[in-house]
Amino acid sequence: MDFSINDVWIWLQLLLDILAVSTVLYSGLRIIRNNSRTIQIFKGILVVILIKLLALALGLHALNWLIDTFLNWGVVAVLILFQPEIRSMLEKVGKTTAIFSQNVSVSQISGMVDELVESCSAMSRTKTGALITIQMTQSLQDYIETGITMDAEVSSELLGTIFQYGTPMHDGAVIIQGVKIACAAAYFPPTARDLPTRYGARHRAAVGISEITDSITIIVSEETGAISVAMRGQLTQYSPDALHRFLMNKLAAPEEEAAFSMEPVLNTARKVGFNIPRRDLHQEKPRDERIKPLEVDDLYNAGGKDRHE
């Protein structure tokens, strides 16, 4: 069967169209899944569309006109309501490399992680509450501006002083950019989800920032001393040793994380006939096999229900 250049170009156009639509839909579904407020708004939009179809079927002209008017203004409303999510998505599109790949060596990351984990371990023993966020690929500059600006090396002593009970910066969050403390006493919008009752304001703020950015947030509980990590809407409790391995895994080789973000697009290409090999993670020794969480709370799949420990 002969193929002309025009036929090949048509197939390439079709493939590019499928890949573009798949990427947009995948990004949209991730936004909807990782934000409870977005889920509720999305459900409301679906209800309006169903009422619109019903009005057309029954010939309800007044109701149909009212819905059309609502939908005409709906675009503006969506831009306003989804402003944080849209901004977050555009930031992610505009940044393809992690902040830790920019003039920061593995030895610098290792030193920063050592100090960070030592501080968290010490605060865990004394049940000193702490909230520490590490910026990844998406900028946290807006949140840095809500706090007290700093430009300090990460040290166990400094973090301990910042979160010491009674100090002015005790209740806010520390934000780390690269291997330096960018600010203290920063404010994060709390999640709108119904978290289990054992989680307090710090956990709510940590989950909130994890819903709208790709940052990693460490929480030390003031009540129990437990060390947890909030990332992508999931809370995971770690021992200090496991936390160290987790952070080194995430920060020292972020390019491996980025590679997996293309997997949905590659899957689409495989379905239309392209022979793209899959990476078998079971054929190699995983880097984080010793990272054993003490407890994992997937707030999206579990519905935020309280569990007894």
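My numbering numbers the first residue of the sequence shown as -16 and each following residue consecutively.
Think of the CB as a built atom: it goes at the ideal place given N, C-alpha and C, for glycine as much as any other residue.
- In this model, residue 31 and residue 172 are separated by some 29 angstroms (Cα to Cα).
- Excluding sequence positions up to five before and after residue 214, its CB lies within less than 6 angstroms of the CB of 193 and 199, all in the same chain and listed in chain order.
- If the five residues before and after residue 186 are omitted, its C-beta is found closer than 6 angstroms to the C-beta atoms of 202, all from its own chain and listed in chain order.
- With 16 or more other Cβ atoms from the protein chains shown falling within 10 Å of its own Cβ, residue 234 counts as buried.
- Apart from sequence neighbours up to five positions away, the residues of its chain that approach residue 230 with a beta-carbon distance below 6 angstroms are 96, ordered along the chain.
- The beta carbon of residue 145 is closer than 7 angstroms to those of 152, 157 and 167 in its chain, skipping five residues each way along the sequence.
- In summary, residue 164 is buried, with 16 or more beta-carbon neighbours lying within 10 Å of its beta-carbon over all protein chains present.
- Under the three-state reduction of DSSP, residue 231 is assigned to helix.
- Approximately 7 angstroms separates the beta-carbon atoms of residue 111 and residue 205; this is inside 8 angstroms, confirming the contact.
- Here residue 116 is near residue 159, since their CB atoms are less than 8 angstroms apart.
- In the three-state scheme derived from DSSP, where H, G and I count as helix and E and B as strand, residue 88 is classed as coil.
- Closest by C-alpha distance to residue 132, out of 138, 143 and 155, is 155.
- Inter-residue distance for residue 222 and residue 105 is about 12 angstroms (C-alpha atoms, whole angstroms).
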